[in-house]
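Colleague: Next up is a structure, given as C-alpha cells.
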Amino acid sequence: MKQAVFILVIIVIINTGAVLSNQKKSSAYKLDMAKDSVDDQFIGCDEKTYKMIKKVLKKELNKNKDFKNIWNKYSNITDDFTRIIKVYTDSWGFHSKFNDAVSSGKIYYPKKFYYTAFHFLLTRAVQMYKVPRCIDVFRRTNVHFEIPKINDVMRFGRFASTSVKDDMHEIFGSKSCFKINTCFGANIAKLSVKPKEEEVLVPPFEIFTITNIEINIEKTLKCEVLYTLKSAGTFSCMNCELLKKLY
C-alpha cells in the first residue's frame, strides 16, 4: 500500500513538472511588469486631457470604421465615460485589437497609437467606477504563460476583464486562470452590454503579487493552471504623455 502511494506521488510530480516544462517552452506570454504597455493614469491632467481628447476622438473615429460604428451605436448616451464602457463590452473583436495595442504601444504613443481617445476615456471610466474596497474576482484565458515565481510582481498591461463569477470556462477558457484580489478594478456590470457576466475591469497599471500557483485543478475550477494574485498598488511609466507629446 505504501509503495503504491509512493509511486502515485512520483507520477503526480512528474506530470506537474511536464506541464510546467511544456508551458515554459511553448509560451511566448509572460507574467511580468508589462513595460511596453500604454499605462498612463493621467494624474493631475485629466481635465486638460479630456478637452484635448474631444478633438482627437473625432479624428480617430474617422480613421477607424469599427470604432465609429460601435461608438455611433450608442449615440443616445451623452456621457462619454458610460458610452465607452458600452463600446468596450459590445464587441470582442474590436476590444481585443485595442488591448493588443495597449499592451505594446508605449513606444508608438501617441503619434502611431490609434486608440488615444479610447484609451483615455476607458482609463477615466475605470477610475470613476473603481470598486470602493478591494474585492476578489476571477479571470480566465485560453492561453498559456511562462510559469513565474511565487512573490513575483506583475501587471496585466492591458484592460483585463474579470468577473465575480468563477464558472465561466465555456466562454473564456480554462488554460490559465487567475484568482485576483483587485483594489483598482471597476465594477462595470450595470453599464455593460453583458451585465450577466458581472464584469470587473482591471486597469493596465495595477500591480499584483503572485502569491500562489496551482496546477491541474480541473475537477474543482476547470483550470489547467490557477494563479492567485494580490493587489500591490499601481505603477505607471507614463503620466500625462498626451499633453507632453501631442501639442
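Heads up: the sequence shown runs through residues -21 to -1, 1 to 226, numbered per mature numbering (1 follows the signal peptide of the UniProt record, and there is no 0).
Think of the CB as a built atom: it goes at the ideal place given N, C-alpha and C, for glycine as much as any other residue.
(1) With distances taken Cα to Cα, identify the nearest neighbour of residue 111 among 221, 167, 9.
(2) Could you tell me whether the Cβ atoms of residue 77 and residue 99 are closer together than 7 Å?
(3) With DSSP as the reference, label residue 179 as helix, strand or coil.
(4) Which residue comes first and which comes last in the alpha helix (DSSP H) that contains residue 25?
(5) Can you tell me where the alpha helix (DSSP H) with residue 60 in it begins and where it stops?
(6) So the candidates are 180, 223, 193; which of them puts its Cα closest to the Cα of residue 101?
(7) Quick one: what does DSSP say residue 212 is sitting in, helix, strand or coil?
(8) Would you report the Cα separation of residue 33 and residue 196, rounded to the nearest angstrom?
(9) By how many angstroms is the C-alpha of residue 155 removed from the C-alpha of residue 42?
(10) Leaving out five residues on either side along the sequence, give the residues of the same chain with a beta carbon under 7 Å from the beta carbon of residue 215.
(11) With distances taken from CA atoms, which of 60, 131, 198, 115 is nearest residue 12?
(12) Does the beta-carbon of residue 133 have 16 or more other beta-carbons within 10 angstroms, so that it is buried, or is it exposed?
(13) Within this structure, are the beta carbons of residue 190 and residue 169 separated by less than 7 Å?
(14) Please list, in chain order, all residues of the same chain as residue 22 whose beta carbon is under 7 Å from its beta carbon, the five residues on each side excluded.
(15) So, at 7 Å on beta carbons, what are the nonlocal neighbours of residue 36 in its own chain, with the 5 sequence-adjacent residues on each side left out?
(16) With which residues is residue 205 paired in a DSSP beta bridge?
(17) For residue 174, count neighbouring C-beta atoms within 10 Å of its own C-beta (all shown protein chains included) and say buried if the count is 16 or more, exposed if not.
(18) Could you pull out every unbroken alpha helix (DSSP H) segment of at least 4 residues lying fully inside the region 69 to 144, listed in chain order?
(19) Note down, in chain order, each residue of its chain lying with its Cβ closer than 6 Å to the Cβ of residue 203, except the 5 sequence neighbours on either side.
Modeller: According to the structure data:
(1) Comparing C-alpha distances from residue 111 to each of 221, 167, 9 shows the shortest one belongs to 167.
(2) Between residue 77 and residue 99, the CB-CB gap reaches or exceeds 7 Å.
(3) Looking at residue 179 - three-state DSSP - the assignment turns out to be strand.
(4) Taken as a continuous stretch (DSSP letters only), the alpha helix (DSSP H) holding residue 25 covers 25 to 42.
(5) Per DSSP, the unbroken alpha helix (DSSP H) holding residue 60 starts and ends at 59 to 69.
(6) If you compare the alpha carbons of 180, 223, 193 with that of residue 101, the shortest gap goes to 180.
(7) In this structure, DSSP gives residue 212 an extended state, which the three-state scheme calls strand.
(8) A direct Cα-Cα distance of roughly 47 Å separates residue 33 from residue 196.
(9) Looking at the two C-alpha atoms, the distance is approximately 35 Å.
(10) Answer for residue 215: 18, 19, 20, 184, listed in chain order.
(11) Of the residues 60, 131, 198, 115, the one whose Cα lies closest to the Cα of residue 12 is 131.
(12) Counting Cβ neighbours within 10 Å, residue 133 comes out buried, since at least 16 surround it.
(13) Taking 7 Å as the Cβ cut-off, residue 190 and residue 169 do not qualify as a contacting pair.
(14) Contacts found: 218.
(15) Only 96 meet the Cβ criterion.
(16) According to DSSP, which records beta bridges pairwise, residue 205 is partnered with 156, 193.
(17) Its Cβ having fewer than 16 others within 10 Å, residue 174 is exposed.
(18) Within the region 69 to 144, the complete alpha helix (DSSP H) runs of at least 4 residues fall at 71 to 83, 95 to 107.
(19) A distance below 6 Å between beta-carbons, with the five flanking residues on each side excluded, links residue 203 to the following residues of its chain, in chain order: 154.
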